[in-house]
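Here the protein sequences line up with chains A and B, keeping their order.
As numbered in this note's numbering, residues 10 to 123 make up the first sequence, in order.
As numbered in this note's numbering, residues 256 to 364 make up the second sequence, in order.
Glycine is no exception: its CB is placed at the ideal position from the N, C-alpha and C atoms.
Structure first, then comments.
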Amino acid sequence: DAMVIQNPRYQVTQFGKPVTLSCSQTLNHNVMYWYQQKSSQAPKLLFHYYDKDFNNEADTPDNFQSRRPNTSFCFLDIRSPGLGDTAMYLCATSRLILHHNEQFFGPGTRLTVL
Amino acid sequence: KNEVEQSPQNLTAQEGEFITINCSYSVGISALHWLQQHPGGGIVSLFMLSSGKKKHGRLIATINIQEKHSSLHITASHPRDSAVYICAFPLTAGNKLTFGGGTRVLVKP
C-alpha cells in the first residue's frame, strides 16, 4: 500500500509557467520534506514542515514555495520555473523531527522545464 | 574532507554473487539510512539502523557506530537489484539528511 504518494509522476512545463507538485501521505506523520534531485546528484533539501511550522533551507530560491493545508497533504509551488529547475522532486515524511526517525520517500515527480 | 564516503562508486556483479557496499563517515551520528534508487525512479528506504545488524530478505545492513562505518550486503544478487544505493544520516537538528555519493550497482544475468 502506497504510504507517500506524489502526483503527477511526470510533469512538463514551459519556462516561466507556474507549476504545482503534490504530495500526500497515509502515515499521519508530523514532518514532511521536499527534496530536489538533479541528474547524478544527491537529493538537496528545499524545506520541511513540522506540523504547520515551515522551515526553509537558507539556499532555497524564493521561486520555490510550499503549502501544507493539512497533515496529509503538502504542495510544492514553483512560481516561475527556469531551465535549471528540471529535476526529480522527492517528498518524504517522518513521524518526528528527531534524528532517529526514519524518513519515508515518495516515488518522486520528474519535472522537465522546456 | 567529505563527511561521508561510499565505496565502491560503481560495482558490476554476475547474478547470484554476494555484493558489499561500504559507507564511512567522519562525524558522530545516531542513525544511518540505506536507500535504494532505481534508474529514473524515486527513493526507497531500505533500512535505518543505529547499531548492530538488520536483515530484510536478501539485504543485510550492519553498522559500527564507534568505527563510523556501515555496510550493505546483497546476497544472491539479481538483475532487479540493479540500482543506486545511498547511505544517508541526519547531521543537524531537523532530521536533515546528509547523503553519500551513492554506489551504482549493475547485476548482469
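Please go through the segment 61-113 of chain A and give each complete beta strand (DSSP E) segment of 3 or more residues, from N-terminal end onward. Under the rule that a run must span 3 or more residues, the beta strand (DSSP E) segments found entirely inside the segment 61-113 of chain A read 62-65, 73-76, 82-87, 96-103.
Determine, using beta carbons only, whether Q112 of chain A comes closer than 8 Å to chain B. By 1-based counting over the first sequence, the position of residue 112 of chain A is 103. Yes, Q112 of chain A counts as interfacial toward chain B.
Neighbouring residues, chain A, relative to K351 of chain B (Cβ below 7 Å): Counting from one through the second sequence, the residue named residue 351 of chain B turns up at place 96. Around K351 of chain B, the beta-carbon contacts reaching into chain A at under 7 Å are L54.
Please look up how many angstroms separate the CB atoms of V282 of chain B and G355 of chain B, rounded, as I've assumed it's under 8 Å. Along the second sequence, one-based indexing puts residue 282 of chain B at 27. Along the second sequence, one-based indexing puts residue 355 of chain B at 100. That pair is no contact at about 13 Å.
Let me know if N72 of chain A comes out buried or exposed under the rule of 16 or more other beta-carbons within 10 Å of its beta-carbon. The residue given as residue 72 of chain A occupies position 63 in the first sequence. With fewer than 16 other CB atoms across the displayed protein chains lying within 10 angstroms of its CB, N72 of chain A is exposed.
Closest Cβ-Cβ distance between S103 of chain A and chain B: below 8 Å? Taking the first sequence and counting its residues from 1, one reaches residue 103 of chain A at position 94. For S103 of chain A, the closest Cβ of chain B is nearer than 8 Å.
Could you please tell me which residues of the segment 70-102 of chain A, in chain order, have their CB closer than 7 Å to any CB of chain B? Residues of the segment 70-102 of chain A with a C-beta atom less than 7 Å from some C-beta of chain B are L99, listed in chain order.
Is the beta carbon of S332 of chain B closer than 8 Å to that of A268 of chain B? Along the second sequence, read from residue 1 onward, the residue named residue 268 of chain B stands at position 13. Along the second sequence, read from residue 1 onward, the residue named residue 332 of chain B stands at position 77. Result yes, Cβ atoms of A268 of chain B and S332 of chain B sit closer than 8 Å.
Three-way DSSP call (helix, strand, coil) for P345 of chain B in this model: Taking the second sequence and counting its residues from 1, the one referred to as residue 345 of chain B is at position 90. Residue state, collapsed to three classes: strand.
Does the contact criterion of 3 or more C-beta pairs under 8 Å hold for the segment 63-77 of chain A versus the segment 13-28 of chain A? The segment 63-77 of chain A, when compared against the segment 13-28 of chain A, does not touch it at the 8 Å Cβ threshold.
Cβ-Cβ distance between L266 of chain B and V360 of chain B below 8 Å: Within the second sequence, the letter at position 11 stands for residue 266 of chain B. Within the second sequence, the letter at position 105 stands for residue 360 of chain B. For L266 of chain B and V360 of chain B, yes; Cβs fall inside 8 Å.
Which chain B residues are close to P116 of chain A, counting only those with a beta carbon under 8 Å from its beta carbon? Position 107 of the first sequence, counted from the start, is the residue given in the question as residue 116 of chain A. Here the neighbours are G296, G297.
Hey, G115 of chain A and V28 of chain A: beta-carbon distance below 8 Å or not? Here residue 115 of chain A corresponds to residue number 106 of the first sequence, with the count starting at 1. Here residue 28 of chain A corresponds to residue number 19 of the first sequence, with the count starting at 1. It is not a contact, given that the beta carbons lie outside the stated cut-off.
I think A96 of chain A touches Q15 of chain A, with their Cβ atoms under 8 Å apart; what is that distance to the nearest whole Å? Taking the first sequence and counting its residues from 1, the one referred to as residue 96 of chain A is at position 87. Taking the first sequence and counting its residues from 1, the one referred to as residue 15 of chain A is at position 6. With a beta-carbon spacing of about 13 Å, A96 of chain A and Q15 of chain A fall beyond the 8 Å limit used to define contacts.
For K309 of chain B, which residues in the same chain have their Cβ closer than 6 Å to its Cβ, ignoring the five residues on either side in sequence? For the purposes of this step, residue 309 of chain B is taken as residue 54 along the second sequence, with counting starting at 1. Answer for K309 of chain B: F302, A316, listed in chain order.
Amino acids of chain A, ordered along the chain, whose beta-carbon sits closer than 8 Å to that of H311 of chain B: Indexing the second sequence from 1 puts residue 311 of chain B at position 56. Under the 8 Å cutoff, chain A gives no residues; its nearest Cβ is about 13 Å from H311 of chain B.
Please identify the residue among B:I329, B:S337, B:A343 whose C-alpha is closest to the C-alpha of F273 of chain B. By one-based count along the second sequence, residue 273 of chain B stands at place 18. Nearest C-alpha to F273 of chain B: B:I329.
Anticipated Cβ contact below 8 Å, L123 of chain A with F84 of chain A, distance rounded: In the first sequence, counting from the first residue as 1, residue 123 of chain A sits at position 114. In the first sequence, counting from the first residue as 1, residue 84 of chain A sits at position 75. Between L123 of chain A and F84 of chain A a beta carbon distance of about 22 Å is seen, past the 8 Å cut, so the two are scored as non-contacting.
By a C-beta neighbour count over all protein chains shown, 10 Å radius and 16 as the cutoff for buried, is L290 of chain B buried or exposed? Counted from its first residue, the second sequence places residue 290 of chain B at position 35. The residue is buried, with at least 16 neighbouring Cβ atoms inside 10 Å.
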